[in-house]
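Asker: Here you go, one structure.
Residue numbers (the numbering used here), protein chains in the order written: chain A, 68 to 191; chain B, 46 to 152.
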């Protein structure tokens with residue numbers, strides 16, 4: 068059974084870079100059938116897709132975050148990572164990683180399964 | 046970007062009730078819509094994809110319908126485990142967007 072687990076600092080200072088890693092177990096990220104994505108949820112609010120990456124390294128991002136986001140992967144460790152630069156309080160959220168299922172369009176469609184999420188607070 | 050609007054925002058219902066949540070898109074999605082269930086402090090769980098296909102292991106009391114810009118999620122007989130927040134998500138565009146959520150509360 069595929070499982071995803073986020074890890075990283077729970078507190079980041081304003082203007083610094085948020086860095087998180089998602090470790091995948093029970094399956095390989097080296098698959099042409101899936102992208103691997105990051106989604107976030109500010110406290111008490113809804114869900115926002117951040118970006119997704121393919122096993123080849125091709126990534127695409129939410130246009131509103133694109134200038135600050137980078138997603139990378141390490142197939143040897145079966146991990147993928149998120150970096151979000153120049154953070155502000157508005158980036159405070161629970162960050163989820165998820166498998167991004169590819170069917171039509173040759174890109175991600177829906178997300179399943181999800182990691183449990185990791186809370187990140189931006190504060191000095 | 047494609048805007049997703051769910052209604053109602055909150056729904057109060059009793060065990061055994063039939064409940065329906067609506068999701069409207071700002072442009073046509075064909076059938077490219079998913080539904081998720083999220084409980085407090087937990088990750089969202091996929092319920093339905095391609096508007097009406099039930100994910101594996103999801104109880105048959107859940108069903109999805111719709112095409113184009115209007116979609117529904119129906120729970121035929123609400124169970125105690127179903128009190129949660131539900132989100133729709135479109136994947137017609139690479140820039141995936143979610144509805145704001147519908148919280149199903151105990152009446």
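Where a beta carbon is used, it is the ideal one built from N, C-alpha and C, also for glycine.
So, is residue 120 (chain A) buried or exposed, given that buried needs 16 or more other C-beta atoms within 10 angstroms?
Answerer: Indexing the first chain from 1 puts residue 120 (chain A) at position 53. So residue 120 (chain A) counts as buried.
Asker: Using the Cα positions of residue 83 (chain A) and residue 117 (chain A), report the straight-line distance between them to the nearest angstrom.
Answerer: Counting from 1 along the first chain, the entry for residue 83 (chain A) is found at position 16. Counting from 1 along the first chain, the entry for residue 117 (chain A) is found at position 50. So the two alpha carbons sit approximately 18 Å from each other.
Asker: Whole angstroms are fine: how far does the CA of residue 118 (chain B) sit from the CA of residue 95 (chain B)?
Answerer: Position 50 of the second chain, counted from the start, is the residue given in the question as residue 95 (chain B). Position 73 of the second chain, counted from the start, is the residue given in the question as residue 118 (chain B). The straight-line gap from Cα to Cα measures roughly 12 Å.
Asker: Tell whether a beta-carbon distance below 8 Å holds between residue 147 (chain B) and residue 115 (chain B).
Answerer: What you label residue 147 (chain B) is simply residue 102 of the second chain in a count that begins at 1. What you label residue 115 (chain B) is simply residue 70 of the second chain in a count that begins at 1. No; because the gap between Cβ atoms is not below 8 Å, this pair is not in contact.
Asker: Using the beta-carbon of each residue, which ones in chain A are nearer than 8 Å to residue 22 (chain B)?
Answerer: Since the first and last residues shown for chain B are 46 and 152, residue 22 (chain B) lies out of range.
Asker: With DSSP as the reference, label residue 156 (chain A) as helix, strand or coil.
Answerer: Residue numbering aside, residue 156 (chain A) sits at position 89 when the first chain is read from its first letter. Looking at residue 156 (chain A) - three-state DSSP - the assignment turns out to be helix.
Asker: Any beta-carbon of chain B closer than 8 Å to the one on residue 127 (chain A)?
Answerer: Working through the first chain from its first residue, we reach residue 127 (chain A) at position 60. Answer yes: the Cβ-Cβ gap between residue 127 (chain A) and chain B drops below 8 Å somewhere.
Asker: Does any residue of chain B have a CB that is nearer than 8 Å to the CB of residue 107 (chain A)?
Answerer: Working through the first chain from its first residue, we reach residue 107 (chain A) at position 40. No, no contact with chain B.
Asker: Is it true that the stretch 132–149 of chain A meets the stretch 83–93 of chain A, where meeting means three or more beta-carbon pairs spaced less than 8 Å apart?
Answerer: In short, these stretches touch, since the Cβ pair count reaches three.
Asker: Is the stretch 54–61 of chain B touching the stretch 123–137 of chain A, taking contact as three or more C-beta pairs under 8 Å?
Answerer: Counting Cβ pairs under 8 Å, fewer than three are found: no touch.
Asker: Taking only beta-carbon positions, decide if residue 163 (chain A) is within less than 8 Å of chain B.
Answerer: Counted from its first residue, the first chain places residue 163 (chain A) at position 96. True, the Cβ-Cβ gap to chain B drops below 8 Å.
Asker: Smallest Cα separation from residue 82 (chain B): which of B:144, B:99, B:135 and B:129?
Answerer: Position 37 of the second chain, counting from 1, holds the residue named residue 82 (chain B). The shortest Cα separation from residue 82 (chain B) among B:144, B:99, B:135 and B:129 belongs to B:129.
Asker: Where does residue 110 (chain B) fall in DSSP's three states?
Answerer: To locate residue 110 (chain B), count along the second chain from 1; it is residue 65. Strand at residue 110 (chain B).
Asker: From this set, A:110, A:177 and A:180, which residue's C-alpha is nearest residue 159 (chain A)'s C-alpha?
Answerer: By one-based count along the first chain, residue 159 (chain A) stands at place 92. Closest by alpha carbon: A:110.
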